[in-house]
Amino acid sequence: MQCSVIGNRSRGSTQSVMNLLTTACVGRLLAAALLSASVLVPPSTIAQPVTVDGKVKISSNENVWGFSPKALARLQAELATGNYYNRDEIAEFIKLCAAHNGVKENYIMATAGSGPLLSLAALAYAQPGKNVVTTAMGYTSLVNRFEARGGNVKFAPLGADMGYDFKALAREIDDNTVIVYICNPNNPTGTLADPAELRRFILSVPAHILVFVDEAYLEIADTGLKPNTMIPLVNVRKNMLVTRTFSKGHGMAGLRFGYGVGHPEVLDRLGEYSTSGPSFLAAIAAQEALKDEAFLEQNRKNYSEVRKYVCAELTRMGIEYAKDPQGAFIYFHAGIPGAELNAKMREANILIGNTRESGVPEGTYKNWCRVSIGTKEQMDVFLGELSRILGKT
Ligand SMILES: Cc1ncc(COP(=O)(O)O)c(C=O)c1O
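With the sequence shown counted from 1, adding 8 to any position gets you my numbering.
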């Protein structure tokens with residue numbers, strides 16, 4: 009992997025990205041050197057590479073600030089025991105995680121990222137004639153699999169400012185609904201639900217329907233987990249599953265670790281379709297990440313600051329975006345087809361994200377595009393190129 013670190017503030021152009029390539033992987037080397045010398049590195053001081061394999065990669069909602077140095081140190085220390093199967097590492101994670109979330113240990117299922125839980129729910133619940141209800145322009149992993157298994161998907165329209173419309177969601181629920189899936193914050197719009205409203209909606213859903221709340225990005229919302237999480241509802245509502253991942257706020261996407269919180273009967277139903285669990289290495293990294301609250305808090309601040317910065321720049325350029333984004337991305341109105349913008353950015357070695365539509369007539373959001381949040385320096389490269397392509401100043 010080739011990576012480089014930006015030395016000074018840079019805006020746009022292929023040339024500016026190419027210049028960055030000449031600098032060696034200073035940030036990663038610095039972090040590794042400090043760790044091997046057993047020095048605890050304050051998270052904000054680790055320089056981050058601007059390019060990976062020659063590209064500014066702000067396409068897949070990966071955390072560009074990396075993961076906890078404490079998790080890395082423990083991984084390094086335990087790597088050599090990889091000849092053994094998982095011992096108690098997952099059980100230890102579950103114990104820690106149960107205390108962290110105020111639930112019993114048998115309410116937690118650990119998986120290799122939270123993606124498997126979305127698939128398992130589709131496998132366990134989809135049947136011809138049954139449906140899943142969700143919001144248009146949301147994350148489609150669960151609903152696509154549900155449909156592939158012969159079930160139907162019912163989309164509720166977006167509300168004001170591309171937010172949730174819980175009345176519209178409630179209207180879609182019928183006698184054949186088996187799951188209501190809510191992604192909070194939503195991907196790609198970044199909308200965060202008002203917690204009281206979301207709670208009221210969940211408690212109004214008929215008790216036999218599974219309410220699935222995907223909290224993949226909740227750690228990095230401005231107000232964080234505590235006021236927004238729906239995990240406490242698993243103690244009062246049986247048909248409920250809340251998923252979390254270590255891929256986003258904790259920055260461990262490639263290590264693959266996530267978990268679901270729900271009643272043991274719900275977890276058992278999903279577990280029937282599970283083929284393998286996470287690796288013990290991911291479990292020990294997740295233990296350390298969960299304990300390293302300072303690192304997570306720094307990452308939350310990093311996301312908050314850069315989100316606000318990019319929104320201000322888009323506003324200055326007169327570019328519309330989905331209001332108040334709270335995830336690892338911003339959904340914006342490019343004014344030219346998103347696919348075309350993607351291709352032009354790619355020519356400048358900048359990878360931006362998805363232009364998929366769901367639950368709307370094809371072409372409704374044709375000129376919209378998602379960009380992931382990177383460092384301010386990376387976003388400056390993106391914004392510079394965006395203004396060049398769109399002829400803005
Ligand atoms: C909303 C949402 N949920 C779940 C996932 C799954 O991620 P992972 O399997 O890495 O936890 C993603 C990945 O991008 C996502 O955007």
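Beta carbons are placed, not taken as given, at the ideal position from N, Cα and C, and that holds for glycine.
Bear in mind that the values here come from a model prediction, so they are computed numbers and not experimental data.
In this structure, the beta-carbon distance from GLU97 to ALA106 does not fall below 8 Å. Scanning its chain for C-beta atoms nearer than 6 Å, with the 5 sequence neighbours on each side dropped, one finds around LEU391 the residues GLU321, in chain order. For MET117, the enclosing beta strand (DSSP E) covers residues 116-119. Beta-bridge pairing by DSSP links CYS319 to no other residue. With a cut-off of 7 Å, the C-beta of ASN152 is classified as distant from ligand 1, since no heavy atom of the ligand falls inside that distance. With a cut-off of 7 Å, the C-beta of CYS105 is classified as distant from ligand 1, since no heavy atom of the ligand falls inside that distance.
Between PRO196 and ASN362, the beta carbon gap of about 6 Å places them in contact (Cβ cut-off 8 Å). Taking C-beta atoms under 8 Å as the contact rule, ARG354 and GLU227 fail to qualify, at a distance of about 30 Å.
For GLY392, the enclosing alpha helix (DSSP H) begins and ends at 384-398. Residue pairing by DSSP puts GLY266 in a beta bridge opposite THR119, THR253. Annotation for CYS191 indicates a beta carbon within 7 Å of some heavy atom of ligand 1. Distances between the C-beta of ASN195 and the heavy atoms of ligand 1 include at least one below 7 Å. DSSP places LYS162 outside any alpha helix (DSSP H); the residue lies instead in the beta strand (DSSP E), whose first and last residues are 160-164.
Within the DSSP secondary-structure output, ARG378 pairs in a beta bridge with TYR339. The beta-carbon distance between THR148 and GLY268, rounded to whole angstroms, is 19 Å. This is too long to meet the 8 Å contact definition. Here HIS216 is exposed: its Cβ has fewer than 16 other Cβ atoms, across all protein chains shown, within 10 Å. Contact fails between the region 295-305 and the region 131-145, because fewer than three Cβ pairs, one in each stretch, are under 8 Å apart.
In chain order, SER395, LYS400 place their CB closer than 7 Å to the CB of MET325, counting only its own chain and leaving out the 5 sequence neighbours on each side. Close CB contacts of VAL213 within its chain, under the 7 Å cut and outside five residues either way in sequence, are with ILE181, VAL188, VAL219 (chain order).
At a threshold of 7 Å, LEU304 does not count as near ligand 1, since its beta carbon sits no closer than that to any of the ligand's heavy atoms.
With 16 or more other Cβ atoms from the protein chains shown falling within 10 Å of its own Cβ, LYS256 counts as buried. Per DSSP, LYS138 has no beta bridge partner at all. Per the DSSP secondary-structure output, MET260 pairs with nothing in a beta bridge. CA-to-CA, the gap between ILE327 and ALA342 works out to about 7 Å.
Non-local C-beta neighbours of ARG153 in its own chain, meaning closer than 8 Å and more than five positions away in sequence, comprise LEU126, SER127, ALA130, LEU131, ALA134, ordered along the chain. In this structure, VAL161 lies near ASN139, with their beta-carbon atoms less than 8 Å apart. When the alpha-carbon of GLN84 is set against those of VAL389, ASN350, ALA293, the nearest one is in ALA293.
Close CB contacts of ARG245 within its chain, under the 8 Å cut and outside five residues either way in sequence, are with ILE210, LEU211, ALA215, VAL219 (chain order). When rounded, the separation of the alpha-carbon atoms in PHE303 and ASP230 is 15 Å. With a cut-off of 7 Å, the C-beta of LEU126 is classified as near ligand 1, since at least one heavy atom of the ligand falls inside that distance. Here the alpha carbon of GLU86 sits roughly 36 Å from the alpha carbon of VAL379.
Taken through DSSP and simplified to helix, strand or coil, VAL60 comes out as strand. Here the alpha carbon of GLU365 sits roughly 31 Å from the alpha carbon of PHE75. A direct Cα-to-Cα measurement between ALA79 and PHE265 gives close to 13 Å. MET248 is bridged by DSSP to VAL219.
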